[in-house]
Amino acid sequence: VAGGAGSGWATDPIDGLVWRVDSRRGQLTMRTIAVGFGATGIAFGHGSVWVSNGVQGTLTRIDPRTNRPSRTISLVNAAQSVSVGAEGVWVSVGGSRPAAASGTTDALPQPPCGNIVFEGAGKPRFLIASDLPLQGGSRANALSMIEATELVLRAHAFKAGRFTVGYQFCDDATAQAGGFEYEKCAANASAYVAHRRVFGLIGAYNSDCSLVQIPIANRASLAMISPSNSAIGLTRAAPTSPRGELARLYPTGERHYARIFPADDMQAAAGALLARRLGCARTSILQERYGGYAIDVATSFARAARRLGLTVVGPTRWDPAATSYAPLARSTGRAGASCVFLAGGVHSNGGRLLRDLRSTLGQEIAIIASDGFSRVSDVVAAAGPAADGLYVSVPGVPTDRLGPAGQRFIERLSRTRPAGEKPSFYWGTYAAQAAELLLDAIANSDGTRASVRRNLLKARVENGILGSFGFDENGDVEPSSITILRVRAGGEGMSPGTPDFADGAIVDRVLTPPARLVRDD
Numbered sequence: 004v005a006g007g008a009g010s011g012w013a014t015d016p017i018d019g020l021v022w023r024v025d026s027r028r029g030q031l032t033m034r035t036i037a038v039g040f041g042a043t044g045i046a047f048g049h050g051s052v053w054v055s056n057g058v059q060g061t062l063t064r065i066d067p068r069t070n071r072p073s074r075t076i077s078l079v080n081a082a083q084s085v086s087v088g089a090e091g092v093w094v095s096v097g098g099s100r101p102a103a104a105s106g107t108t109d110a111l112p113q114p115p116c117g118n119i120v121f122e123g124a125g126k127p128r129f130l131i132a133s134d135l136p137l138q139g140g141s142r143a144n145a146l147s148m149i150e151a152t153e154l155v156l157r158a159h160a161f162k163a164g165r166f167t168v169g170y171q172f173c174d175d176a177t178a179q180a181g182g183f184e185y186e187k188c189a190a191n192a193s194a195y196v197a198h199r200r201v202f203g204l205i206g207a208y209n210s211d212c213s214l215v216q217i218p219i220a221n222r223a224s225l226a227m228i229s230p231s232n233s234a235i236g237l238t239r240a241a242p243t244s245p246r247g248e249l250a251r252l253y254p255t256g257e258r259h260y261a262r263i264f265p266a267d268d269m270q271a272a273a274g275a276l277l278a279r280r281l282g283c284a285r286t287s288i289l290q291e292r293y294g295g296y297a298i299d300v301a302t303s304f305a306r307a308a309r310r311l312g313l314t315v316v317g318p319t320r321w322d323p324a325a326t327s328y329a330p331l332a333r334s335t336g337r338a339g340a341s342c343v344f345l346a347g348g349v350h351s352n353g354g355r356l357l358r359d360l361r362s363t364l365g366q367e368i369a370i371i372a373s374d375g376f377s378r379v380s381d382v383v384a385a386a387g388p389a390a391d392g393l394y395v396s397v398p399g400v401p402t403d404r405l406g407p408a409g410q411r412f413i414e415r416l417s418r419t420r421p422a423g424e425k426p427s428f429y430w431g432t433y434a435a436q437a438a439e440l441l442l443d444a445i446a447n448s449d450g451t452r453a454s455v456r457r458n459l460l461k462a463r464v465e466n467g468i469l470g471s472f473g474f475d476e477n478g479d480v481e482p483s484s485i486t487i488l489r490v491r492a493g494g495e496g497m498s499p500g501t502p503d504f505a506d507g508a509i510v511d512r513v514l515t516p517p518a519r520l521v522r523d524d
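The opening residue of the sequence shown carries number 4 in this note's numbering; numbering runs sequentially from there.
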């Protein structure tokens, strides 16, 4: 936010807008100025508004008299923040060196990337990079994914067919953010594209980071495969996708991105399928008031439920700031629902919501929640006994139900840590499968990025680490298996194959809903 020329100015990075708010003459007026996706920093000075764009690596000057950009300056890397002083405009730029220079070096910039992992004479012909948050709450998952990727490359003797392949892991997080930052995601992606020997990217870990990296990689035909992205809008139009979003993500019109992690709409479809199998002919949807994730999941659940012949009530929104949900629980009861579906997260006052629902509707009513409630220990801490019996959907299958290839890999991964420590098998298996797919795509290529991209999107895996699967024309994995967990408030009887974050739950069943429940194409 900045102030100047009698107005307030604010950036909207997702829609690529600057908002001008003017309250002069006793009335409030607002207007928007298009500056491009990724606009974040903003300052006023020297008679102009200055906007830094961390995705496009630019600084834009806006003339407040015309409300239009008057100049855009390209910078050497991702612009992070902007400030105005007496003698000029100052911009902080991410990255340890200009991205354009990295193509002349043997390795990606260090930091944010680690050393090249490679065994063999000379240097590898090509590189695979991974883009993961190595700072903050997801660090442990990222470390397991790095270990798993290295294991795969070592098993292949760092070769993909006739090509030698090295590996570098890169950090898209900062200590200040405690996770990824858009500007660092953009800077990293620019470095991958500029380095001519990078032929594949495992990542990003976070869907919002991929939202930044996909268009940068697309222009360079750099193959991306994510082991963990679930946002619907990365591959197809979601209920909350801005108009023209897919054209922005894939400016060349060619797809280069695939994911082996099921999308949120398939998780919602599994929730609807569970509701029917539980005999819930009438289901009430409660949707968290804020956030695109909740809207996308609620909309997908409603579509799947109706296609399954269920009657849907809602969605009705819940406000995370509320101190009581008793009125909402009573209205849900009056609607005659035999099931309740929660689209949102436990950290949005989900514990209070569960307690009030159970208090009003009783312990026997089936409550199904999306994976925003998958951190079971947090659910139990917030809801207490009311959490008992809650159904929670989680993408993928339990690790103890993987086939022989998956079990063999888990055994190898278990030996990467000292006695008494164990990596995250859940995330490790996804990263390993992604690495296998990239190596196969490179092995079958003609030594160009474009052929690696094509090979990745048409891949079919038979009895791999994650089983047998392929990709549809949009890059979504098919089939998409979803695990349904059942919470035990006392923590007893946790199934051995549940994800690390689901401590306190048992595996109730695994569902593979057909894509036609939520998709028309």
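We put the beta carbon where it would ideally sit given N, CA and C, even for glycine.
First through last residue of the alpha helix (DSSP H) which encompasses residue i
{"i": "residue 379", "result": "379-386"}
{"i": "residue 188", "result": "185-197"}
{"i": "residue 283", "result": "Element bounds for residue 283: n/a, residue is neither H nor E."}
{"i": "residue 7", "result": "That residue, residue 7, is in no alpha helix (DSSP H); its beta strand (DSSP E) goes 5-7."}
{"i": "residue 83", "result": "Here residue 83 belongs to no alpha helix (DSSP H); instead the beta strand (DSSP E) covers 82-88."}
{"i": "residue 369", "result": "Run containing residue 369: none in the alpha helix (DSSP H); it sits in the beta strand (DSSP E), 369-372."}
{"i": "residue 149", "result": "142-158"}
{"i": "residue 412", "result": "407-417"}
{"i": "residue 355", "result": "353-364"}
{"i": "residue 214", "result": "210-222"}
Close Cβ partners of residue i (< 6 Å) along its chain, the five nearest in sequence each way excluded
{"i": "residue 463", "result": "473"}
{"i": "residue 370", "result": "343, 393"}
{"i": "residue 325", "result": "none"}
{"i": "residue 32", "result": "25"}
{"i": "residue 49", "result": "none"}
{"i": "residue 13", "result": "4, 22"}
{"i": "residue 239", "result": "477"}
Beta-carbon proximity of residue i to residue j, cut-off 9 Å
{"i": "residue 135", "j": "residue 207", "result": "yes"}
{"i": "residue 445", "j": "residue 431", "result": "no"}
{"i": "residue 263", "j": "residue 514", "result": "no"}
{"i": "residue 146", "j": "residue 94", "result": "no"}
{"i": "residue 1", "j": "residue 236", "result": "The structure shown has nothing for residue 1, since the chain only spans 4 to 524."}
{"i": "residue 518", "j": "residue 481", "result": "yes"}
{"i": "residue 181", "j": "residue 140", "result": "yes"}
{"i": "residue 390", "j": "residue 300", "result": "no"}
{"i": "residue 85", "j": "residue 54", "result": "yes"}
{"i": "residue 363", "j": "residue 336", "result": "yes"}
{"i": "residue 253", "j": "residue 217", "result": "yes"}
{"i": "residue 292", "j": "residue 200", "result": "no"}
{"i": "residue 131", "j": "residue 168", "result": "yes"}
{"i": "residue 437", "j": "residue 230", "result": "yes"}
{"i": "residue 6", "j": "residue 47", "result": "yes"}
{"i": "residue 284", "j": "residue 290", "result": "no"}
{"i": "residue 77", "j": "residue 66", "result": "no"}
{"i": "residue 452", "j": "residue 133", "result": "no"}
{"i": "residue 329", "j": "residue 357", "result": "no"}
Beta-carbon proximity list for residue i, same chain, < 8 Å, skipping 5 on both sides
{"i": "residue 516", "result": "269, 272, 273, 275, 276, 307, 483, 485"}
{"i": "residue 154", "result": "412, 415, 416, 419, 435"}
{"i": "residue 70", "result": "23, 34, 36"}
{"i": "residue 75", "result": "61, 62, 63, 64"}
{"i": "residue 466", "result": "406, 407, 408"}
Cβ-heavy atom distance, residue i to the ligand GTP, below 8 Å
{"i": "residue 131", "result": "Among the ligands in the structure shown, none appear at all, so the ligand GTP cannot be discussed."}
Cβ shell of residue i (< 7 Å), same chain only, five flanking positions each side left out
{"i": "residue 39", "result": "19, 56, 59"}
{"i": "residue 179", "result": "none"}
{"i": "residue 159", "result": "442"}
{"i": "residue 309", "result": "315"}
Enclosing beta strand (DSSP E) for residue i [first to last residue]
{"i": "residue 173", "result": "166-174"}
{"i": "residue 95", "result": "91-96"}
{"i": "residue 254", "result": "From DSSP, residue 254 is part of no beta strand (DSSP E); its letter is neither H nor E."}
{"i": "residue 342", "result": "342-346"}
{"i": "residue 66", "result": "61-66"}
{"i": "residue 521", "result": "Counting along the chain, residue 521 falls outside any beta strand (DSSP E), and DSSP gives it neither H nor E."}
{"i": "residue 202", "result": "201-205"}
Are the stretch 297-315 and the stretch 254-263 touching by the rule of at least three beta carbon pairs closer than 8 Å? Counting Cβ pairs under 8 Å, fewer than three are found: no touch.
Let me know the alpha helix (DSSP H) ranges lying completely inside the stretch 294-336, each 4 residues or longer, listed in chain order. Those alpha helix (DSSP H) runs which fall completely within the stretch 294-336 and span 4+ residues are 295-310.
Just checking, does the stretch 170-187 make contact with the stretch 109-121 on the three C-beta pairs under 8 Å criterion? Short answer: they touch.
Are three or more beta carbon pairs between the stretch 395-408 and the stretch 372-387 nearer than 8 Å? Yes, the stretch 395-408 is in contact with the stretch 372-387.
At which residue ranges does the stretch 437-500 contain complete beta strand (DSSP E) runs of 3 or more residues, listed in the order of the chain? Listed in chain order, they are 463-467, 470-474, 485-490.
Secondary structure, alpha helix (DSSP H): runs of 4+ residues fully inside the stretch 15-52: The alpha helix (DSSP H) runs of length 4 or more contained entirely in the stretch 15-52 do not exist; there are none.
Would you call the stretch 210-225 and the stretch 146-153 in contact, with 3 or more CB pairs under 8 Å? With a cut-off of 8 Å, the stretch 146-153 and the stretch 210-225 do not count as touching, because too few Cβ pairs lie within range.
Count the C-beta pairs between the stretch 277-285 and the stretch 330-343 that are closer than 8 Å, then say yes if the count reaches three, no if not. In this structure the stretch 277-285 touches the stretch 330-343; the number of beta carbon pairs closer than 8 Å is three or more.
May I ask you to verify whether the stretch 454-463 touches the stretch 179-192, counting CB pairs closer than 8 Å and requiring at least 3? The stretch 454-463 is not in contact with the stretch 179-192.
Any beta strand (DSSP E) of 3 or more consecutive residues that is wholly inside the stretch 106-139: Annotation note: the stretch 106-139 contains the following uninterrupted beta strand (DSSP E) runs of length 3 or greater, listed N- to C-terminal: 129-135.
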